[in-house]
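Q: This is the structure I have questions about; it appears just below.
Here it is, written out as structure tokens:
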């Protein structure tokens, strides 16, 4: 008998998704109501996932769906960030006139897709989750349909993402052909000996996954999509799909391909080094904040991948910690971007921050902390994120990776410093509006305080992730 | 003793900074925030004096040690002082207090933010000198970049942005390798606790690489030739208080790091790299002295002279003799007082004339006699004339060097002559000569607060020049112990390899 209780969060989110869609269609002017109800249902979802957090490992649907510590932690991370994303973006949606009922519904459906991805233990189930997530994201990216950049970014994202899905599927078919199964556990048993076809399959799958987390050299879509999408969608892009994609990365590398470490380790090291270095260098010339965030997130994903190359539990845990701190920092940074509003217009160029510190001391202080943290300067949270990664990497004597990573942080420090320079050293401009939505203020406050005082008790995250033992 | 006196020293300025940051600023309270900062920094200074008073200078162990679990099983928050570090803490609290007194005249805008930055800087600097764990040390060492970047960038001169970036990126680049080394040490020995590492010792096979990683970081911060170029820029553009902090304390972090970490943790590698250090130090002493001679900007001249003086310090440290290391510590303290005073003195006339070019001055002895007197004291202090603290430091360093290497010591002695040349020439051009520039006639002599600040630096300079006993007594036992352990390690190593 299948224990449906294990997938109660997924069932709940599907039901609420359909319910909200029906209510939205039949009830006139209900977008505000739907939006709030979506946030409420995300809270219920969080409670349902927490309810399952005691399960160490459980399979359902003929071992194709897995609930374990990793999946639970990542789902919690996803839902909490989704709540914050929704809280920060409501006013933006209203002012840019895209506050429609479809928006929260699409967000929910992509979250459902991510949850399926996170829990998948089977190639087919994984692909299903991936497509559900991606299809919702295509629509979200082009949600501001009267805006040329937004539609362009949606289309671009669709084409490139479909291409990568195709590559991914081709890899799946090779893996299935050589191992005779789509189930992760069975694949790992069946592919113990070396075959060229399998290596090809692994490479294709890694390429597809690298596309999803925008690792170099498969990053080209990210800057355009980040810049073109409505900011509320950019923040979504910058955080949530990365959590799911990183989980899938961990799953693929350490469950089905765990016996093929020699085949994939070099590839992942290359992806990591290339992303760290390229992201740092390419961000230097950017003028648009969202585009800069895109490059910086490419670089950050490089660090997260560095933890995965170590083939130790500490390495995987350090990647997860990195991801958690990264998303808090990004949430904080985007909260600041949402606050750059004057007379109902949003600004997103770096120059618009000029002299911010004179008119908005608190906001600029928050940005100062966030940017130094992104640059990885101690004692802020961003330093610890990088520190755990390097600790794990150096344990395996991978000094080259560590030194390239650290040198990239120095290069990256330059463009973060440039923003600080513009905020603090440059002449002031007009004031921005200060009547922000309470949700936005709360998320900025919470995330900044987290970044600032993380060093007092750095064990808080380590304790949580130390349960996650993959190998 | 139950009061965690070192943690109080570290935390007090931060608490003050938070208080100032969150109190709303209007014009009335604008001044009061300065009094808060002054009160906090003076309290911290008195606390550090009390620390010195109850410090037991007959034992070499770390005292007032606090050890708290921070990241369980990995890093402990561990602080403590010994004879080497305690003087730097007092120097830090003393100089910070003077900086806060001096801001009144030098900082025109955003005083509140400036005070917050200075107080945070004090926390981080004291932390550097107390921490007995490599990672905690790294946190404090690197954390200092943030406030200093802002101090140079916001309140600096015309090319402040360039200088702030140069300062930040140079030092960051230098330190990242140290982080790799620290993590490697953790994986080799299972701890980052300095005291434990002294006991365990680090495998001699890896010492050279680790030493180099630490060296890059300290060499940038010292700064040693050829990575000293950030210092003149940073000094020239920083506001007076920033230059003072930079010259008096931040440069000392590296000298302290050499003694505590390079000698203490990697004795074999230190022995191996002595020629490198000698070479770089000599180049620093001779070359930067010559460069200093040619400067037209007063602050730049003093900045280059700082590089030369720090060359003496590194030279003394790596003589591995009692006199050399004691002399280096003494020289650092003395340079802390003298260079701070010189930057403040330049600040005094800059504020009146808004130029730092030497050629714009001349003959101001007749207008500002009081100023001429104090500047004379500090000029002589910088030269190392007997009777000033600068003499004791340089003299001890040269004695130590003569013991080890006659040639090096002879060349280094030339540096003393060059120092006399550039400092006295500076003094002559600014103070004596004919009063050509008519604008200078409007200048007024020292104000009360300036007299107070400059004399409170001049008195210890003279006092420790005539009576160096209290400082030497404090550092002696710890240095002896350091050298004994060092020689023991070298002997063990040689015995093993023969």
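Chains as they are written, first to last, in my numbering: chain A, 1 to 471; chain B, 472 to 969.
Just so you know, even glycine gets a beta-carbon here, dropped at the ideal spot from N, CA and C.
Computed from a predicted structure; not experimentally measured.
1) Tell me, to the nearest whole angstrom, how far the beta carbon of residue 242 of chain A is from that of residue 202 of chain A; I am working on the premise that it is less than 8 Å.
2) Give the residues from the segment 535-549 of chain B that approach chain A closer than 8 Å (Cβ to any Cβ), ordered along the chain.
3) Reducing DSSP to helix, strand and coil, say where residue 827 of chain B ends up.
4) Can you look up residue 551 of chain B in the DSSP assignment and give me helix, strand or coil?
5) For residue 223 of chain A, decide whether its Cβ has a neighbour in chain B, counting only Cβ atoms nearer than 8 Å.
6) Does the CB of residue 658 of chain B have a neighbour CB from chain A at under 8 Å?
7) Could you please tell me which residues of the segment 601-615 of chain B, in chain order, have their CB closer than 9 Å to any CB of chain A?
8) Name the chain B residues whose beta carbon is nearer than 7 Å to that of residue 424 of chain A?
9) How many Å lie between residue 942 of chain B and residue 644 of chain B at the Cα?
10) Which of helix, strand or coil does DSSP assign to residue 540 of chain B?
11) Identify the continuous beta strand (DSSP E) that holds residue 432 of chain A and give its terminal residues.
12) Hey, is residue 752 of chain B's beta-carbon within less than 8 Å of any beta-carbon in chain A?
13) Whose C-beta lies closer than 6 Å to the C-beta of residue 593 of chain B among residues of the same chain, with five residues either side of it excluded?
14) Determine the burial state of residue 505 of chain B: buried for a count of at least 16 other Cβ atoms within 10 Å of its Cβ, exposed for fewer.
15) Is residue 611 of chain B closer than 8 Å to residue 595 of chain B when the C-beta atoms are compared?
16) Applying a beta-carbon distance threshold of less than 8 Å, which residues of chain B neighbour residue 454 of chain A?
17) Taking a contact to mean a Cβ-Cβ separation below 8 Å, would you say residue 767 of chain B touches residue 810 of chain B in this structure?
18) Let's see if you can read the secondary structure: which residues bound the beta strand (DSSP E) around residue 65 of chain A?
19) Taking only beta-carbon positions, decide if residue 654 of chain B is within less than 8 Å of chain A.
20) Which residues does DSSP pair with residue 678 of chain B in a beta bridge?
21) Does the segment 668-686 of chain B come close enough to the segment 710-722 of chain B to have 3 or more Cβ pairs within less than 8 Å?
22) Does the Cβ of residue 121 of chain A have 16 or more other Cβ atoms within 10 Å, making it buried, or fewer, making it exposed?
23) Hey, how far is the Cα of residue 891 of chain B from the Cα of residue 775 of chain B?
24) Would you give the residue range spanned by the beta strand (DSSP E) that residue 57 of chain A belongs to?
25) Can you give me the C-alpha to C-alpha distance between residue 451 of chain A and residue 161 of chain A, rounded to a whole angstrom?
26) Round the Cβ separation of residue 550 of chain B and residue 602 of chain B to the nearest angstrom and send it over; I've been treating them as touching at under 8 Å.
27) From the beta carbon of residue 639 of chain B, is the nearest beta carbon of chain A less than 8 Å away?
28) Could you run through the segment 394-411 of chain A and flag, in chain order, every residue whose CB is less than 8 Å away from some CB of chain B?
29) Alpha carbon to alpha carbon, how far is residue 852 of chain B from residue 430 of chain A?
30) To test your reading of the DSSP string, which unbroken alpha helix (DSSP H) runs of 4 or more residues are found completely within the segment 592-656 of chain B?
31) Under 7 Å Cβ-Cβ, which residues of chain A neighbour residue 617 of chain B?
32) Taking residue 446 of chain A as the reference, which of A/332, A/365, A/362 has the closest Cα?
33) Taking residue 139 of chain A as part of the alpha helix (DSSP H), name the residues at either end of that continuous run.
34) Using beta-carbon positions only, say whether residue 96 of chain A and residue 443 of chain A come within less than 8 Å of one another.
35) Note down, in chain order, every chain A residue with its Cβ under 7 Å from the Cβ of residue 729 of chain B.
36) For residue 647 of chain B, count neighbouring Cβ atoms within 10 angstroms of its own Cβ and tell me buried if that reaches 16, exposed if not.
A: The short version:
1) With a Cβ gap of about 21 Å, residue 242 of chain A and residue 202 of chain A do not count as contacting.
2) 541, 542, 543
3) coil
4) strand
5) no
6) yes
7) 606, 609, 610, 611, 612, 613, 614
8) 621, 624, 625
9) 34 Å
10) strand
11) From DSSP, residue 432 of chain A is part of no beta strand (DSSP E); its letter is neither H nor E.
12) no
13) 484, 567
14) buried
15) yes
16) Within chain B, no residue comes near residue 454 of chain A; the closest Cβ sits about 12 Å away, beyond 8 Å.
17) no
18) 65-68
19) yes
20) For residue 678 of chain B, which the question treats as bridged, DSSP gives no partner whatsoever.
21) no
22) buried
23) 14 Å
24) 57-60
25) 33 Å
26) 6 Å
27) yes
28) 394, 395, 399, 402, 403, 406, 407, 409, 410
29) 51 Å
30) 605-614, 616-626
31) 372, 377
32) A/332
33) 123-141
34) no
35) Per Cβ cutoff of 7 Å: no residues; residue 729 of chain B is ~21 Å from chain A at best.
36) buried
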